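Below is one structure, written out as structure tokens, with a few remarks after it.
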Amino acid sequence: MSTDKLSSPSSSSAGNNSGYSPLGGSRATTSSNDNPYLVIRKEPPSSVYSNESFEVEIELELPKTSSPPSTIWANEPIELTATLHDAKSGNRCTTEAVLVTEPMKITMPPSINPEMKRCCRVRCMIRMDSIRRDTGAALEVRFAPKYEANVISRASFIGTSTRPINMVNYKMRISMEEEWESVWYKDEGGRDKSMEVFASIYDKDGQLKTGEQIPLLPVLCYQVEGRSPSKVANQDILRTLGSNKIFLDKDTGKARVRFRVEDVSKNHQGQDFILQIAPEPKTKGFKDVAPAYTPAVNVRSKRNKRSRNNSRGGLKDGLEKASPAMSRQRVAYEPSHTQSDNSFDRQDSGRLREAMKSVITWADEVVNGLYPLQWTVMGYPQHPDGSPDYSRPYHNMPNPNGLISRILSQYSDQVRDNLRVLLNAVEQSSSSGNTSDDYNMSMALPREPTDPYSIMGAPAGVIHPAARAPLHPSFGPPDITRQTVGHGMPISGMAGEASRPVMHPSITSEAFRSRPDSSMAYPARTQLPPMPGLQMAAPPQYSFHGGLASSSAVANTSPTMEDFGHVRRSSDFQSQRSHRIQQSEDESRESEVEYVLAKQYKALRTGERLGFPAYSANKEILGFYRDASGKVGVGQFVPISRHSTEFGPLEIMQATEILEDAIAKKSAAVHALKDWGTISNLLDHALVYDWSKDIGGNSSAPTT
Numbered sequence: 001m002s003t004d005k006l007s008s009p010s011s012s013s014a015g016n017n018s019g020y021s022p023l024g025g026s027r028a029t030t031s032s033n034d035n036p037y038l039v040i041r042k043e044p045p046s047s048v049y050s051n052e053s054f055e056v057e058i059e060l061e062l063p064k065t066s067s068p069p070s071t072i073w074a075n076e077p078i079e080l081t082a083t084l085h086d087a088k089s090g091n092r093c094t095t096e097a098v099l100v101t102e103p104m105k106i107t108m109p110p111s112i113n114p115e116m117k118r119c120c121r122v123r124c125m126i127r128m129d130s131i132r133r134d135t136g137a138a139l140e141v142r143f144a145p146k147y148e149a150n151v152i153s154r155a156s157f158i159g160t161s162t163r164p165i166n167m168v169n170y171k172m173r174i175s176m177e178e179e180w181e182s183v184w185y186k187d188e189g190g191r192d193k194s195m196e197v198f199a200s201i202y203d204k205d206g207q208l209k210t211g212e213q214i215p216l217l218p219v220l221c222y223q224v225e226g227r228s229p230s231k232v233a234n235q236d237i238l239r240t241l242g243s244n245k246i247f248l249d250k251d252t253g254k255a256r257v258r259f260r261v262e263d264v265s266k267n268h269q270g271q272d273f274i275l276q277i278a279p280e281p282k283t284k285g286f287k288d289v290a291p292a293y294t295p296a297v298n299v300r301s302k303r304n305k306r307s308r309n310n311s312r313g314g315l316k317d318g319l320e321k322a323s324p325a326m327s328r329q330r331v332a333y334e335p336s337h338t339q340s341d342n343s344f345d346r347q348d349s350g351r352l353r354e355a356m357k358s359v360i361t362w363a364d365e366v367v368n369g370l371y372p373l374q375w376t377v378m379g380y381p382q383h384p385d386g387s388p389d390y391s392r393p394y395h396n397m398p399n400p401n402g403l404i405s406r407i408l409s410q411y412s413d414q415v416r417d418n419l420r421v422l423l424n425a426v427e428q429s430s431s432s433g434n435t436s437d438d439y440n441m442s443m444a445l446p447r448e449p450t451d452p453y454s455i456m457g458a459p460a461g462v463i464h465p466a467a468r469a470p471l472h473p474s475f476g477p478p479d480i481t482r483q484t485v486g487h488g489m490p491i492s493g494m495a496g497e498a499s500r501p502v503m504h505p506s507i508t509s510e511a512f513r514s515r516p517d518s519s520m521a522y523p524a525r526t527q528l529p530p531m532p533g534l535q536m537a538a539p540p541q542y543s544f545h546g547g548l549a550s551s552s553a554v555a556n557t558s559p560t561m562e563d564f565g566h567v568r569r570s571s572d573f574q575s576q577r578s579h580r581i582q583q584s585e586d587e588s589r590e591s592e593v594e595y596v597l598a599k600q601y602k603a604l605r606t607g608e609r610l611g612f613p614a615y616s617a618n619k620e621i622l623g624f625y626r627d628a629s630g631k632v633g634v635g636q637f638v639p640i641s642r643h644s645t646e647f648g649p650l651e652i653m654q655a656t657e658i659l660e661d662a663i664a665k666k667s668a669a670v671h672a673l674k675d676w677g678t679i680s681n682l683l684d685h686a687l688v689y690d691w692s693k694d695i696g697g698n699s700s701a702p703t704t
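Per full-length UniProt numbering, the sequence shown starts with residue 1, numbered consecutively.
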């Protein structure tokens, strides 16, 4: 008589079955048993709804060490039975769950060709009236020969079982707003580059589940063809961006998940990664929710670099080249140079910009990270009489190890290489036939304080490259000994400079634009060493105030539009470029918003209402949301860099303290992104809160 044992493992694609013994023990082996056995070639899904049908494919196998009994491969059908069991205990289910199969009578038909294996397919459905949310249910289907119905000779063969099937009330789904990248380069685009998906929960009727704030746990896994995903042992290589905890919003029923993998697939036998998103296992009440998986992604470091052309010092095909702005300026103002000699292709100029942004971002993180590491006074010891001893204060500071490790990691992974890119660009530009003065003048572009490159700075009074255009002949070379520019800032004339081209007053307001130190995001950025290589051509003897030239400066002769057409076009291009860069930076900063405080900030110096302050997950102020012009109630994000004159390091720390105090007091003015799902929903509720306070007369505006 044949025994109801379990077969060796077999999957739907590779022939491995993750079966369990009738007592829930380890898998059965067939190495010491020459009997034929059943295997599962096509496994059921890992999670199914009640009354959801699925297909199972069963095949009859024979150990390689044995020859098949003739009766098993004869033209006689084999009848099988299917029973439902608890996956943990191995007990057969009687009343709590019912298995329905199609066909009801499972028969493995005879093989037409003796060389072909015998198999059959069965469609199954499990009916379970009640699935407990706190425990869930894991079942398995077992297939065995129906001995009394088989007329095969005394040869026996072994039954098998499916892998555990989790019975669920809900299933998670993953959606993407952008096309998924099957190959993802982790070291391109900065440390904040991430993959983004949206998770939601649906019931068996396809209805979105809302009304509950469900904590989610992302788990990094390997994709395994034909089998369940395998969990990555080192979960530290998975980094989620945004809030530390991910919640499914109770109103929208969705959760935004931004993540990145800090290791390449090459270090994991080339395997692709997938992200499993499921309710937090430690949270009770969500055991009846099936997890969801992102598409597979192969993580790499960077795209392959192109080989350098050593014959030209890498200037033509090298990776590191000067910015395209330099090339255009040399072509416009130095006709002796051709476009082909000094232009840089788009890919390399983009690489240069990325290198600059990476260095600036890293410098920002270093500066911003220093402020929280300052020692703070916690209290004072007491004298014997009970009075505080102010000479021996108690100090405290947060653990700096995490910040130091992150800064050093960023430097070794990106910043060091990007600094070489910038250095090579400077050296190659200097050696490409231009004088030192030409290079310095092309680099000394006046920039707005919000320009991401403004951290590099330039000495006050440096002339815009557009100012190097020759003047109208009627002006002649002025003789200068001392001028006044900007707001009365003296500039001494330089001997021997009378023959050099000088600026026309129509563009002097831009070249000598006054820029206070406070226009930088942090005062520490202005402490740059002098740059003797950046020389300044002597301007004409004119007096300017507020960036406007006096009428006496024209000397009865006005240049025509044609005389300065090329200067205006260059200025227009620079303005458009700055606008595009600024818009990109604004969007990047806005994407980090996690908190909005529904209280109007008022500037201390000007009294201007700046809007609702917006904060990052680390409670660092990023900017303000204010009404867009002409659109009442629509939030327009204004980054903090636009208010650099009002916000120094002390004001930024004060803004953080205001938010932390509001959170500690559980103020209703604090609106978190995790509670509302999207920024638009968050701003709508913040505006409603602010309007309700205005109507009640309780609105307050903190000052900076």
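Ideal placement from N, C-alpha and C gives every residue a C-beta, glycine not left out. Quick caveat, the model's predicted, so the values are computed rather than measured.
From the listed residues 185, 292 and 222, the smallest Cα separation to residue 46 is found for 292.
Counting other Cβ atoms within 10 Å of its Cβ, residue 129 stays below 16 and is therefore classed as exposed. DSSP places residue 167 within a strand segment (E or B) once states are collapsed to three. The DSSP-derived three-state label of residue 353 is helix.
Annotation: residue 660 is outside any beta strand (DSSP E); the continuous alpha helix (DSSP H) that includes it extends over 649 to 664. For residue 402, the enclosing alpha helix (DSSP H) covers residues 401 to 410. When beta bridges are read from the DSSP output, residue 636 appears opposite 626. With contact defined as three or more Cβ pairs closer than 8 Å, the stretch 227 to 236 and the stretch 649 to 662 are not in contact. Between the beta-carbon of residue 418 and that of residue 363 there is about 11 Å, and that puts the pair past the 8 Å contact cut. Residue 86: member of the beta strand (DSSP E) spanning 78 to 86, first to last residue.
With a beta-carbon spacing of about 4 Å, residue 106 and residue 80 fall inside the 8 Å limit used to define contacts.
DSSP assignment within the stretch 225 to 283 yields the following whole beta strand (DSSP E) runs of 3 residues or more, N-terminal first: 238 to 241, 246 to 248, 254 to 261 and 273 to 279. When secondary structure is reduced to three states using DSSP, residue 372 falls in the helix class. By the CB criterion at 8 Å, residue 133 and residue 249 fall outside the cutoff. The three-state reading of DSSP puts residue 691 in helix, counting H, G and I together. Non-local beta-carbon contacts of residue 677 in its own chain, meaning distances under 7 Å to residues more than five positions away in sequence, involve 249, 251, 252 and 254 in chain order.
Where residue 62 is concerned, there is no enclosing beta strand (DSSP E), because DSSP gives it neither an H nor an E. Approximately 6 Å separates the beta-carbon atoms of residue 359 and residue 415; this is inside 8 Å, confirming the contact. Residue pairing by DSSP places residue 221 opposite 231 and 274 in a beta bridge. Counting every other CB atom within 10 Å of its CB across the protein chains shown gives residue 61 a total of 16 or more, marking it as buried. Counting only residues of its own chain and dropping the five nearest sequence neighbours on each side, residue 201 has a CB closer than 8 Å to the CB of 170, 171, 172, 173, 208, 209, 214, 248, 253 and 289. If you draw a straight line from the Cα of residue 396 to the Cα of residue 592, it is about 29 Å long. Between the beta-carbon of residue 98 and that of residue 121 there is about 21 Å, and that puts the pair past the 8 Å contact cut. In the DSSP assignment, no residue is bridged to residue 51.
Using a 10 angstroms sphere on the CB of residue 412, the tally of other CB atoms stays under 16, which defines it as exposed. Under the three-state reduction of DSSP, residue 413 is assigned to helix.
For residue 595, DSSP records a beta bridge to 615 and 672. Sequence-distant partners of residue 285 (beyond 5 residues in either direction) whose C-beta falls short of 8 Å from its own C-beta, in its chain, are 133 and 134. For residue 219, the closest alpha carbon among the candidates 101, 273 and 49 is that of 273. Contact check for residue 216 and residue 279: beta-carbon distance about 6 Å, within the 8 Å limit, so the pair qualifies. Taking the CA atoms as reference points, residue 669 sits about 54 Å from residue 55. The stretch 158 to 170 makes contact with the stretch 139 to 146, as at least three CB pairs between them are under 8 Å. In the displayed model, residue 137 falls within a strand according to three-state DSSP.
DSSP lists no beta-bridge partner residue for residue 176. The bridge partners DSSP lists for residue 125 are 53 and 100.
Closest option to residue 375, judged by alpha-carbon separation, among 398, 384, 368 and 367: 398.
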